[in-house]
Amino acid sequence: ALDEALDRLAREDAPIANVVKLRYFAGLTLSQIAQITGVTRRTVDRHWALGRAWLYRQMTADRTEA
């Protein structure tokens, strides 16, 4: 379910999905992600917050539909 949700997020907003993947799967810090992606730390912070909220809504919606 998480993989499917990440795929949906990537189709909707690839930069946010990239931050989520780097944080969850690569275990990078937000500062490291900012450095690697070439965006400001503040942008990464926003993307991380939006990505977490988006995934939470998707994952809880999936459970209530089942």
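Numbered according to the working numbering, the sequence shown terminates at residue 74, and the numbering increases by one at each position without gaps. Cβ coordinates follow ideal geometry from the N, Cα and C atoms, glycine included. These numbers come from a predicted model, not from an experiment.
Contacts around residue i, its chain only, beta-carbon distance under 8 Å, and the 5 residues preceding and following it disregarded
i: arginine 49; result: Leu38, Ser39 and Ala42
i: glutamine 66; result: Ala13, Arg16 and Leu17
i: leucine 63; result: Leu10, Ala13, Leu14, Leu17 and Val28
Span of the alpha helix (DSSP H), counted from its first residue to its last, around residue i
i: leucine 30; result: 22-32
i: leucine 38; result: 38-45
Candidates the options: closest to residue i by CA position
i: isoleucine 24; options: Asp53, Ala9 and Ala34; result: Asp53
i: histidine 55; options: Tyr32, Gly46 and Val28; result: Val28
Cβ neighbours of residue i in the same chain (closer than 7 Å, five flanking residues each side left out)
i: alanine 18; result: Ala25
Exposure of residue i, with buried meaning 16 or more beta-carbon neighbours within 10 Å
i: glycine 35; result: exposed
i: leucine 30; result: buried
i: glycine 59; result: buried
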